[in-house]
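The sequence shown runs 2 to 240 under the working numbering.
All C-beta atoms, glycine included, are put in the ideal place defined by N, C-alpha and C.
Heads up: the structure comes next, in structure tokens.
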Amino acid sequence: METSELFGISGLSAWYGTADPVIEDVALSIARGEVVGVIGMNGAGKTTLFKAIAGVLGTCRYEEARLDGRRVGLTDRAVKRRRIMVFSDERAFGNFTFLEYLSFVFRAYRTPLADCSRIVQGFGFERYVETPLRELSLGSRKKASLIAAFALSPDLLILDEPVNGLDFESTEYLYRLIRGYREHGSVLFSSHVLESVCLTCDRVLVLERTDGAGRIRKTFSGEEISPASIRSVLGHDEL
2 METSELFGIS GLSAWYGTAD PVIEDVALSI ARGEVVGVIG MNGAGKTTLF KAIAGVLGTC
62 RYEEARLDGR RVGLTDRAVK RRRIMVFSDE RAFGNFTFLE YLSFVFRAYR TPLADCSRIV
122 QGFGFERYVE TPLRELSLGS RKKASLIAAF ALSPDLLILD EPVNGLDFES TEYLYRLIRG
182 YREHGSVLFS SHVLESVCLT CDRVLVLERT DGAGRIRKTF SGEEISPASI RSVLGHDEL
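Next comes the structure, spelled out in structure tokens:
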């Protein structure tokens, strides 16, 4: 049975200021209930790609963006609420405790506050819910962002290097969350850990910098996905 497309984009290029494009002429399609991983060296443009798709990078152009088969604008407010991105470089949280941050995020997305106690427990975050987030480690701040993002349950969850800073138990729990998210929506995420994309993804895209800009060089799906096959395209063992 053919799976319907949740999100698609073609001819996507993005840049910063007056510089040359960081990514150029990128096209991708994500099916509903699909987990798609993006692998590439530092500087290939993964974060730029994710910011453009999430609608938080204004300096981009594209031929067409689609959501549920309809043409949309990436920065349209109603569309942005259906895509949520967790950044690799966790932003400042001010003086918010986790509970205050959670309330702020749900108000910003105009969504009724959801019960996220199960996810809080899964990440072992219970003892930090009343602590100012700026006092926590990078890994704990990452957990706070991940908990909020999964609790919001967007149609498309965009995770930029989500395992960075996480302990082993939290990493394993995150993999389970990502795999289970297929029942609700789709996930697009990047990682420097090949095993993480091989364990969780239905498809893997290799983003490579060629002719000065990041482009999708190769797509792996199903049984093609393995650390060895991805390394054969990258040409080296380290990302």
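- Proximity to F124 across I148, L206, V57, E136 peaks at I148, based on C-alpha coordinates.
- S118 sits exposed, since fewer than 16 C-beta atoms from the chains shown fall within 10 Å of its C-beta.
- Nearest in C-alpha terms to R33, of all of R83, E170, L100, is R83.
- Taking 8 angstroms as the upper bound for CB-CB distance, S187 and L157 are in contact here, some 5 angstroms apart.
- A Cβ-Cβ separation of about 13 angstroms leaves T48 out of contact with W16 under the 8 angstroms criterion.
- S11 sits in a strand when the DSSP states are folded into three classes.
- Look at the region 171-231 and you find these whole runs of alpha helix (DSSP H), each 4 residues long or longer: 195-201.
- Take K81, set aside five residues on each side of it, and the residues of its chain with a beta-carbon closer than 7 angstroms to its own are G56, in chain order.
- Judged by DSSP secondary structure, A66 falls within the beta strand (DSSP E) whose first and last residues are 65-68.
- For G140, the uninterrupted alpha helix (DSSP H) run begins and ends at 139-153, by DSSP.
- For the pair R62 and G9, the CB atoms are not nearer than the 7 angstroms cut-off.
- With contacts defined as CB atoms closer than 7 angstroms, S146 and V87 qualify as a contacting pair.
- Separation of E35 and R204 (C-alpha to C-alpha, rounded to the nearest whole angstrom) is 8 angstroms.
- In the DSSP annotation of this structure, the continuous segment of the beta strand (DSSP E) that includes G38 starts and ends at 36-40.
- The residue among E25, S5, A20 with its C-alpha nearest the C-alpha of S11 is E25.
- Relative to the Cα of I120, the nearest Cα in the group F190, T98, L103 belongs to L103.
- In the DSSP assignment, the residues bridged to E6 are A32.
- Annotation: T201 to V23 spans about 27 angstroms, alpha carbon to alpha carbon.
- Between the alpha carbons of S171 and S191 lies a distance of about 17 angstroms.
- Take V39, set aside five residues on each side of it, and the residues of its chain with a beta-carbon closer than 6 angstroms to its own are K47, S191, L206, L208, in chain order.
- Assigned with DSSP and collapsed to three states, V130 falls in coil, not helix or strand.
- Here Y110 is near L153, since their CB atoms are less than 7 angstroms apart.
- In summary, D21 is exposed, with fewer than 16 beta-carbon neighbours lying within 10 Å of its beta-carbon over all protein chains present.
- Counted as a single uninterrupted DSSP element, the stretch harbouring L114 is not any alpha helix (DSSP H), since DSSP gives it neither H nor E.
- Relative to the Cα of S5, the nearest Cα in the group R71, E136, F126 belongs to R71.
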